[in-house]
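Written out below as structure tokens is the structure these notes cover.
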Amino acid sequence: MSIFWPALPEDCTVAGPDGGPHPRRGELIGRGPEMGQIMHALAGARAGHGTALFVTGEPGVGKTRLATEALAVAAETNMVTVRGRASAVGSPVPYRPLVEALLLLSRAGLLPDPDELGRYGTVMGRLLTGAPDPGADAASHLVVAETMLRLLTVVGERQGCLLVLDDLHDADAGTLAVVDYLLDNIEHQPAVLLLVTGCAPCAATELASRARRRDAGSVLDLDPLSRPDVHLLIAAELRVPPAEVCPDLVHRAIDSTAGIPFVVKELVHELSGRPAGPARHDPGTPAVPATVADNVRRQAERLGPLGRELLGTAALFGRRFALPVLERAIGRDHAELSAVLRAAVASYLITPDGPGTQWYTFRYPLAAEALLDDLGPGERTRYVRRAARALAELHPGLPGTWCEHAAQLHEHAGDTPEAIRLYCEAAGRATAEGAVDRAVELLIRAHRLVEPDTAPELRATVLECLLDAVARSARFDGLPAPAALLTTLGGDGGEHDIPAQRRAGLHARLSDLATLTGRPAEALWHLDIARALLGSHPADRYAALVDLSAVHVELSRLAPDRLRTATRYALRALHAAQRVDLPDLACRALLLLGQLAREQDEPTAAAHFRRARAIALARRLPVPRVAADVHMAIVAASHDGRPTRIEEARQEALGMGLLPLTHETGFVLALDRIQRGHYDEARDRIREAAADASRLGLGRHLAMLRLADAVRYAHQGRRAEMRGALERLTPFLDAAPGVRAMSYGLARAFCSLLEERHEAAGQEFAQALAYDAENPAMGGFGKHGIILLLGVLAGRMGRPHHAEVTRASAGATRWNHQFTGLAHAVLLGREGRPDEASAAASKALEAAEPFPMARRLCLRLVAQSAYDDGWGTPVEWLREAEEYFHDAGLQAVAGAGRALLRGMGASVRQRRTGTEQVPADLRRCGITVREFEVARLVAERISNKDIAGRLHISLRTVEKHVASLLHKTGHPNRTAFATAARDLVA
Numbered sequence: 000m001s002i003f004w005p006a007l008p009e010d011c012t013v014a015g016p017d018g019g020p021h022p023r024r025g026e027l028i029g030r031g032p033e034m035g036q037i038m039h040a041l042a043g044a045r046a047g048h049g050t051a052l053f054v055t056g057e058p059g060v061g062k063t064r065l066a067t068e069a070l071a072v073a074a075e076t077n078m079v080t081v082r083g084r085a086s087a088v089g090s091p092v093p094y095r096p097l098v099e100a101l102l103l104l105s106r107a108g109l110l111p112d113p114d115e116l117g118r119y120g121t122v123m124g125r126l127l128t129g130a131p132d133p134g135a136d137a138a139s140h141l142v143v144a145e146t147m148l149r150l151l152t153v154v155g156e157r158q159g160c161l162l163v164l165d166d167l168h169d170a171d172a173g174t175l176a177v178v179d180y181l182l183d184n185i186e187h188q189p190a191v192l193l194l195v196t197g198c199a200p201c202a203a204t205e206l207a208s209r210a211r212r213r214d215a216g217s218v219l220d221l222d223p224l225s226r227p228d229v230h231l232l233i234a235a236e237l238r239v240p241p242a243e244v245c246p247d248l249v250h251r252a253i254d255s256t257a258g259i260p261f262v263v264k265e266l267v268h269e270l271s272g273r274p275a276g277p278a279r280h281d282p283g284t285p286a287v288p289a290t291v292a293d294n295v296r297r298q299a300e301r302l303g304p305l306g307r308e309l310l311g312t313a314a315l316f317g318r319r320f321a322l323p324v325l326e327r328a329i330g331r332d333h334a335e336l337s338a339v340l341r342a343a344v345a346s347y348l349i350t351p352d353g354p355g356t357q358w359y360t361f362r363y364p365l366a367a368e369a370l371l372d373d374l375g376p377g378e379r380t381r382y383v384r385r386a387a388r389a390l391a392e393l394h395p396g397l398p399g400t401w402c403e404h405a406a407q408l409h410e411h412a413g414d415t416p417e418a419i420r421l422y423c424e425a426a427g428r429a430t431a432e433g434a435v436d437r438a439v440e441l442l443i444r445a446h447r448l449v450e451p452d453t454a455p456e457l458r459a460t461v462l463e464c465l466l467d468a469v470a471r472s473a474r475f476d477g478l479p480a481p482a483a484l485l486t487t488l489g490g491d492g493g494e495h496d497i498p499a500q501r502r503a504g505l506h507a508r509l510s511d512l513a514t515l516t517g518r519p520a521e522a523l524w525h526l527d528i529a530r531a532l533l534g535s536h537p538a539d540r541y542a543a544l545v546d547l548s549a550v551h552v553e554l555s556r557l558a559p560d561r562l563r564t565a566t567r568y569a570l571r572a573l574h575a576a577q578r579v580d581l582p583d584l585a586c587r588a589l590l591l592l593g594q595l596a597r598e599q600d601e602p603t604a605a606a607h608f609r610r611a612r613a614i615a616l617a618r619r620l621p622v623p624r625v626a627a628d629v630h631m632a633i634v635a636a637s638h639d640g641r642p643t644r645i646e647e648a649r650q651e652a653l654g655m656g657l658l659p660l661t662h663e664t665g666f667v668l669a670l671d672r673i674q675r676g677h678y679d680e681a682r683d684r685i686r687e688a689a690a691d692a693s694r695l696g697l698g699r700h701l702a703m704l705r706l707a708d709a710v711r712y713a714h715q716g717r718r719a720e721m722r723g724a725l726e727r728l729t730p731f732l733d734a735a736p737g738v739r740a741m742s743y744g745l746a747r748a749f750c751s752l753l754e755e756r757h758e759a760a761g762q763e764f765a766q767a768l769a770y771d772a773e774n775p776a777m778g779g780f781g782k783h784g785i786i787l788l789l790g791v792l793a794g795r796m797g798r799p800h801h802a803e804v805t806r807a808s809a810g811a812t813r814w815n816h817q818f819t820g821l822a823h824a825v826l827l828g829r830e831g832r833p834d835e836a837s838a839a840a841s842k843a844l845e846a847a848e849p850f851p852m853a854r855r856l857c858l859r860l861v862a863q864s865a866y867d868d869g870w871g872t873p874v875e876w877l878r879e880a881e882e883y884f885h886d887a888g889l890q891a892v893a894g895a896g897r898a899l900l901r902g903m904g905a906s907v908r909q910r911r912t913g914t915e916q917v918p919a920d921l922r923r924c925g926i927t928v929r930e931f932e933v934a935r936l937v938a939e940r941i942s943n944k945d946i947a948g949r950l951h952i953s954l955r956t957v958e959k960h961v962a963s964l965l966h967k968t969g970h971p972n973r974t975a976f977a978t979a980a981r982d983l984v985a
């Protein structure tokens, strides 16, 4: 994998992981808990209580960096700090880290006088001078250990002492014997032992394990950094705030370094010295930082010639490799390789991947790259040939992911055409398994291998596959540069040019991408070129592609007949795809036909979706199968009001990397949340999805999500915020078909109704209808619902209009049924059929149950007609609506409800402080706050006289309140009221 320095686009920002100030270069990051334990130990040492701490972890994880931070913290509190390091370089020096620590104390003038140590002063002198110990045996180790213990006691007497012994995995046996003694005796000394060692099995790690078991020391095992910590580390190394770090750089650092701080830092330093450039790095520039490469090289050399051969061959396969293939390629059996494998694992170059010992991975991808870069040309060719032969022998036909491995081998061998072919085949398999993102990555690799002299047919194949994958995934970052596209699509008429009809198919694909990104003019431009290239006798496979693109382009045109024309193109594409047995294109055509038919003829639409799903299942096409599931779930939810299936289908699409389909479904779910009154949940969905759509460049879906945001504000009566959302939508009005009509019908008009501006709402619905006539919308905007209800109430519409609307499938959805059902009730009432009107209203209001705002708006709209024509329960309806709108802060429509109640001679609830204490059922009866206070005492069977005394009001006032209570609640006497209301007012 190649690493490159990503350009920083203007919007390439991300919030800092902790929201705080950016870290300083050199600041310790991601080791808060470990430093907490160290600081606790240091505080104990200053109080005379010693502690031992082992710091372990893989190479580069920051063990020495943590020890350095501990030394700095200890020095700030005036503790004596001393450090020694073991080394495997040169001849062994007995007690090397201890001697180094003594020399450091001596240079600092902190070494105590030998007399202060008594008879152990001479031992200290021998250590400093290197004089031989005549009794160099186990007993002498104890003497040295006791000398060091007494030394720590003396130097730490005032403020405590911190002794750091680094790289103990390289220490001699004598040093480890001394450390073992110190562990058992440090507890009552004013000192902290900080012992740093690797985690590969050795005497030092065994010592740490024994210390932990006998509670003689604690072990701080350092893990790689988390993603937020890598983000902070990069910011610190670049000396910029976290918000200025490109997210792509963070992603690449995590993916390439596995969060190992040393590798992260070196990679950032390597990249920061490069200019921003294209994704494919200059082959002359090393992909791996020199320091990292040197470190990997040293680790590999320690494994010997067989180890280098094993790792060099493994690196040809990328990060992950299969041991059986390596055994066959190298010609060694498992027993011969087991020792080398164990050593490689112990060095943290590789780690087992999954159960058993069949698969291994490099600890981080840069290690594989470093090993690959180290292979000479002849050595690499020899390794590649052996590995390719072994792969073909073990896995004939290259099933599963072996095809991808074979592609990598041919790439390393310089067999570019075969590598491209295999990458394309592997991408097709990944798509068939639902791994769309993986398919894109493979195709990007294939396209990067394309050179000017690559065969035109092969160039076209790669580009076709890549454009299809990008359309499914919205991975527009994988698209080739415009110049490369022109090279492929152009042609001078020579014999090596791509055939015209095949270029037509490529332009059709580019038209689809332009539609996705919200650029209809560009989509039309590509479509026109495609049509010109097809000629008069097009092949069915290319004609189908062009017609499918024409469907999307047609939907963006300003033409009253665009839906009919789009349907004609989709049918033609379906027939062409069937003639040449192209199931993927047939499924795409069926899905489009279903979407085009859904509003007017839902049974036909559902049949198209089911047929597409059946073909996808039979031909093992997961992408159209998931798309069919999404559309079938949307149809079902529009009637049963249960969006669970939509969310399940959306999650599956997201898991497969089908981001355009995911965001299309997200828009449907956002509208559902708005209709159900879950405005905060809708807000969170919209904001998250809009940010992602903006990042991806999905202009069409961003338009729909910004429309949903405007609808969210409108349905809460928040006009100022709605206007702001509509202004943000304005640049995208042409990016998605039908947005203009929906912005008026779903947003502006609803907001006007909640403000009791019915004339303005009528004009806005009329504008929505005008836009729909000019450019018919595929989404609902009120045409099959509330517009009919308002027209019937105003007397502009009657039975013929109702029949026309309800004939369309859209009029039967649960959302629209509340409006069409009440319109039917109003017409029945005017026809003198009150019982039938009441029954129709009950069914409509039952459908409206999940939609709290729309239900109450309906009640407010139809109440006067119901009252005038004697059907339904208009007073109860208005009280329910008034209460809802008052609680929602929508005073205009709440006030209209109260005015209508007064006109009907019904009692109207007074809006006084404390009304929230009145139970909802009593509020609907018009019970006031004071009446509720009386009601509670009546329910306790207290006399009127006592009630007057308790509330400090006259007896006459109590009697009036009691009479009002009985009248409003319909009870014959106070005893009946008290019996019924006891639980209610308790």
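Under the working numbering, the residues of the sequence shown are numbered 0 to 985, in order.
Virtual Cβ for every residue (Gly too), placed ideally from N, Cα, C.
Taking its Cβ as the centre, do 16 or more other Cβ atoms sit within 10 Å of residue i, making it buried, or is it exposed?
| i | result |
| --- | --- |
| Asp683 | exposed |
| Gly15 | Its pLDDT being 38, under 50, Gly15 is placed unreliably by the model, and the measurement read from it follows with that caveat. Gly15 comes out buried. |
| Gly779 | buried |
| Asn294 | buried |
| Gln817 | buried |
| Gly330 | exposed |
| Ser808 | buried |
| Arg859 | buried |
| Thr729 | exposed |
| Ser225 | exposed |
Taking the beta strand (DSSP E) that residue i belongs to, which residues open and close that run?
| i | result |
| --- | --- |
| Cys160 | 160-165 |
| Tyr359 | 358-361 |
| Phe53 | 50-55 |
| Ile349 | 349-351 |
| Arg756 | Looking at the DSSP string, Arg756 is not in any beta strand (DSSP E), and its letter there is neither H nor E. |
| Leu219 | 217-220 |
| Arg319 | 319-321 |
Could you tell me the alpha carbon to alpha carbon distance between residue i and residue j, rounded to whole angstroms?
| i | j | result |
| --- | --- | --- |
| Arg125 | Val163 | 21 angstroms |
| Ala891 | Gly676 | 19 angstroms |
| Cys423 | Val461 | 7 angstroms |
| Glu646 | Leu668 | 8 angstroms |
| Leu310 | Arg362 | 12 angstroms |
| Arg973 | Arg949 | 18 angstroms |
| Arg644 | Leu921 | 39 angstroms |
| Gly59 | Gly197 | 10 angstroms |
| Val439 | Ala480 | 16 angstroms |
Just list the residues that DSSP pairs residue i with in beta bridges.
| i | result |
| --- | --- |
| Val81 | Leu162 |
| Val195 | Val54 |
If you follow the alpha helix (DSSP H) that residue i is part of, which residue opens it and which one closes it?
| i | result |
| --- | --- |
| Pro208 | The residue you asked about is not Pro; residue 208 is Ser in the sequence shown. 202-212 is the span of the alpha helix (DSSP H), which, as asked, contains Ser208. |
| Arg747 | Run containing Arg747: none; DSSP gives neither H nor E here. |
| Ile946 | 943-950 |
| Phe316 | Taken as a continuous stretch (DSSP letters only), Phe316 belongs to no alpha helix (DSSP H), as it is neither H nor E. |
| Pro775 | Run containing Pro775: none; DSSP gives neither H nor E here. |
| Ser548 | 539-554 |
| Arg832 | Unbroken run through Arg832: none, as it is neither H nor E. |
| Runs of alpha helix (DSSP H) lying entirely within the stretch 865-898, each at least 4 residues, in chain order | As far as the stretch 865-898 is concerned, its whole alpha helix (DSSP H) runs of at least 4 residues are 873-886.
| task | Counting only runs of 3+ residues fully inside the stretch 442-470, write out the beta strand (DSSP E) ranges in chain order. | result | Counting only runs of 3+ residues, no beta strand (DSSP E) is found wholly inside the stretch 442-470.
| field | Segments of 3+ residues assigned as beta strand (DSSP E) that fall wholly inside the stretch 215-275 | value | Qualifying beta strand (DSSP E) stretches, in chain order: 217-220.
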